[in-house]
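Asker:
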Amino acid sequence: MTWKSRGGIESASHKSFMSKKWTLLLCIGCFCAGMLFSDRMWTVPEVRDISRGAGFEDEKLKLVSEGCDLVMNVEREPAEILGEVSKTHHAIQALDKTISNLEMELAAARATQESIISGSPLSDNLKINGLKGKRKYLMVVGINSAFSSRKRRDSVRATWMPQGDKRNKLEEEKGIVMRFVIGHSATSGGILDRAIEAEDKKHGDFLRLEHVEGYLELSAKTKIFFATAVALWDADFYVKVDDDVHVNIATLGATLARHRPKPRVYIGCMKSGPVLAQKGVRYHEPEYWKFGEEGNKYFRHATGQLYAVSKDLASYISINQHVLHKFANEDVSLGSWFIGLDVEHIDDRRLCCGTPPDCEWKAQAGNVCVASFDWSCSGICRSAERMKEVHRRCGEGESALWSAAF
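The numbering of the sequence shown is this note's numbering, which starts it at 1340 and goes up by one.
Here is the structure:
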């Protein structure tokens, strides 16, 4: 073998050795690079996951802790929580009533504006009232009366209706307005009207309506009363009572005051009597067919001896009086005007107690009646003669009125 050929073999062997050496180094480098790459790609997410998991566990522990605290607080202070709920409820009711009053006042203002634009004259009462401005009253009590009821009115004046300076004091200090409500005769300026004018000059306790008196016109009279009273006095409640019913004014005021926060309130002794289709009977309903089959009953409504409505309902009647339908019976008419409205009907049986001994027993038991009358007479039988007796046995006492805080 020549040197040249041997040198070539050695050279080739050396190159093969170097190649293996670099291959090994390259593999080791790739392995290290792979390990480094794997650490960067997997180690960081594991740390994040661990951190996130720890955070999630912390949140769970926090929620559980807060839940425990909440349960402990509920158990520890139930009275405070109920108090807050009650305050919220009253605030919502007050807001609802305020919104309702604003809506009614806006509608009334629009009606007045339309009346002025159309050239319709405003009544003298409205003009005078607008000049004086309004103060706030608790209630306006309209005592429904007729031309022939002078003795009834005198019996009321002698018992539960304050007179003279006391009536003025009642308005100023207690916010209670009381008036006998009567319209005019068919013959304007006749002897009946002159008699009422003379009586009013003596006592000053009448509210005269732009209305022609008549038993079959009681529904129309009711509408006009509410419209006139709302225009003259800004009160929380408007009450209609017959002049043959005994009323404890302080108890009535306290009863109504409890419902002040509520909007659209209709208070009375609620009933649902039969619709009488037969002609000639008392309380005959000419439009009986509107109530369905013969023998049906009326919808729930307050009995006509005494009922009260909140200001927003009285304003609703005033604004819509020209389109409200009149049935034969005024209490049915009033109830029908509220159908379809969001009205709270309050059935209070103290507004329809019987005469003694019923109201007397209840007074002795500490449950003084608001109103007393005989159902058989739709009022106190022979009220002009018996009103003083009923007042003596069932009256709340004059001191109750002047010591009351509404």
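Every residue, glycine too, gets a C-beta built ideally from N, C-alpha and C.
Beta carbon of Ser1726, beta carbon of His1585: below 8 Å?
Answerer: For the purposes of this step, residue 1726 is taken as the residue at position 387 of the sequence shown. For the purposes of this step, residue 1585 is taken as the residue at position 246 of the sequence shown. It is Met, not Ser, that sits at residue 1726 in the sequence shown. Yes, they are a contact pair.
Asker: Between the Cα of Ser1657 and the Cα atoms of Tyr1476, Leu1571, Leu1509 and Phe1519, which residue gives the shortest distance?
Answerer: Position 318 of the sequence shown holds residue 1657. Nearest option by C-alpha distance: Leu1571.
Asker: Let me know the beta strand (DSSP E) ranges lying completely inside the segment 1547-1586, each 3 residues or longer, listed in chain order.
Answerer: 1573-1581
Asker: Helix, strand or coil, according to DSSP, for Leu1663 in the structure here?
Answerer: Taking the first residue of the sequence shown as 1, we reach residue 1663 at position 324. Leu1663: coil per DSSP, three-state reduction.
Asker: Which complete alpha helix (DSSP H) runs does the segment 1578-1648 hold, if anything under 4 residues is left out?
Answerer: DSSP runs (the alpha helix (DSSP H)) wholly in the segment 1578-1648: 1588-1596.
Asker: Are the CB atoms of Gly1736 and Ser1711 nearer to each other than 8 Å?
Answerer: Start at 1 with the first residue of the sequence shown, and residue 1736 comes out as number 397. Start at 1 with the first residue of the sequence shown, and residue 1711 comes out as number 372. Against a cut-off of 8 Å, the Cβ pair of Ser1711 and Gly1736 comes out as no contact.
Asker: Report the three-state DSSP secondary structure of Ser1488 (helix, strand or coil).
Answerer: Stepping through the sequence shown from its first residue, residue 1488 is reached at position 149. Coil at Ser1488, not helix or strand.
Asker: Less than 8 Å between the CB atoms is what I'm expecting for His1640 and Leu1673, so what's the real figure, rounded?
Answerer: Taking the sequence shown and counting its residues from 1, one reaches residue 1640 at position 301. Taking the sequence shown and counting its residues from 1, one reaches residue 1673 at position 334. Indeed, because the Cβ distance is near 7 Å, the residues count as touching under 8 Å.
Asker: In the DSSP assignment, find the unbroken alpha helix (DSSP H) run with Gly1674 in it and report its ends.
Answerer: Counted from its first residue, the sequence shown places residue 1674 at position 335. Glu1669 to Trp1676 is the span of the alpha helix (DSSP H), which, as asked, contains Gly1674.
Asker: Nearest to Pro1695 by CA position, among Trp1714, Lys1610 and Asp1687, is which residue?
Answerer: Mapped onto the sequence shown, residue 1695 falls at position 356. Of all alpha-carbon atoms in Trp1714, Lys1610 and Asp1687, the one lying nearest the alpha-carbon of Pro1695 is that of Trp1714.
Asker: Would the C-beta of Ala1485 count as close to the ligand MG, meaning under 7 Å from any of its heavy atoms?
Answerer: This structure lacks the ligand MG, and indeed carries no ligand of any kind.
Asker: Going by C-alpha to C-alpha distance, which of Thr1362, Cys1716, Arg1474 and Val1480 sits closest to Asn1587?
Answerer: For the purposes of this step, residue 1587 is taken as residue 248 along the sequence shown, with counting starting at 1. Minimum Cα-Cα distance from Asn1587 among the listed residues Thr1362, Cys1716, Arg1474 and Val1480 corresponds to Val1480.
Asker: What residue from Cys1708, Asp1686, Asp1651 and Lys1701 has the CA that sits closest to Leu1680's CA?
Answerer: In the sequence shown, residue 1680 corresponds to position 341, counting from 1. Ranking Cys1708, Asp1686, Asp1651 and Lys1701 by Cα distance to Leu1680 puts Asp1651 first.
Asker: Would Lys1636 be called buried (16 or more neighbouring beta carbons within 10 Å of its own) or exposed?
Answerer: Taking the sequence shown and counting its residues from 1, the one referred to as residue 1636 is at position 297. So Lys1636 ends up on the exposed side.
Asker: How about Glu1683 and Lys1579: are their beta carbons less than 8 Å apart?
Answerer: On the sequence shown, residue 1683 is found 344 positions in, with the first residue counted as 1. On the sequence shown, residue 1579 is found 240 positions in, with the first residue counted as 1. No. Outside cutoff.
Asker: How many Å lie between Phe1545 and Ala1744 at the Cα?
Answerer: Residue 1545 sits at position 206 when you count from the first residue of the sequence shown. Residue 1744 sits at position 405 when you count from the first residue of the sequence shown. Going from the Cα of Phe1545 to the Cα of Ala1744 covers about 26 Å.
Asker: For the putative contact between Thr1642 and Cys1698, defined by C-beta atoms under 8 Å, what is the C-beta separation to the nearest angstrom?
Answerer: Position 303 of the sequence shown, counting from 1, holds the residue named residue 1642. Position 359 of the sequence shown, counting from 1, holds the residue named residue 1698. Thr1642 to Cys1698, Cβ: 16 Å. No contact.
Asker: Measure the Cβ-Cβ separation of His1542 and His1523 and say whether it is below 8 Å.
Answerer: As a working mapping, residue 1542 is identified with position 203 in the sequence shown. As a working mapping, residue 1523 is identified with position 184 in the sequence shown. The answer is no: Cβ separation not under 8 Å.
Asker: Considering only residues of the segment 1474-1521, which uninterrupted beta strand (DSSP E) runs meet the minimum length of 3 residues and lie entirely inside it, listed in chain order?
Answerer: 1475-1483
Asker: For Cys1608, which of Ser1717, Gly1368 and Asp1539 has the nearest alpha-carbon?
Answerer: For the purposes of this step, residue 1608 is taken as the residue at position 269 of the sequence shown. Looking at the Cα atoms, Ser1717 is the closest of the given residues.
Asker: Would you check if there are 3 or more beta carbon pairs closer than 8 Å linking the segment 1659-1670 to the segment 1547-1564?
Answerer: yes
Asker: Only counting the same chain, and skipping five residues up and downstream in sequence, which positions put a Cβ closer than 8 Å to that of Glu1638?
Answerer: Here residue 1638 is taken as the residue at index 299 of the sequence shown, counted from 1. The question names Glu, but residue 1638 is Phe in the sequence shown. The residues are Ser1611, Gly1674, Ser1675 and Ile1678.
Asker: Please list the terminal residues of the continuous beta strand (DSSP E) segment that includes Ile1719.
Answerer: Here residue 1719 refers to the residue found at position 380 when the sequence shown is read from its first residue. Premise fails: Ile1719 is in no beta strand (DSSP E) and is neither H nor E.
Asker: If I follow the unbroken beta strand (DSSP E) through Asp1686, where does it start and stop?
Answerer: Start at 1 with the first residue of the sequence shown, and residue 1686 comes out as number 347. Taken as a continuous stretch (DSSP letters only), the beta strand (DSSP E) holding Asp1686 covers Glu1683 to Asp1686.
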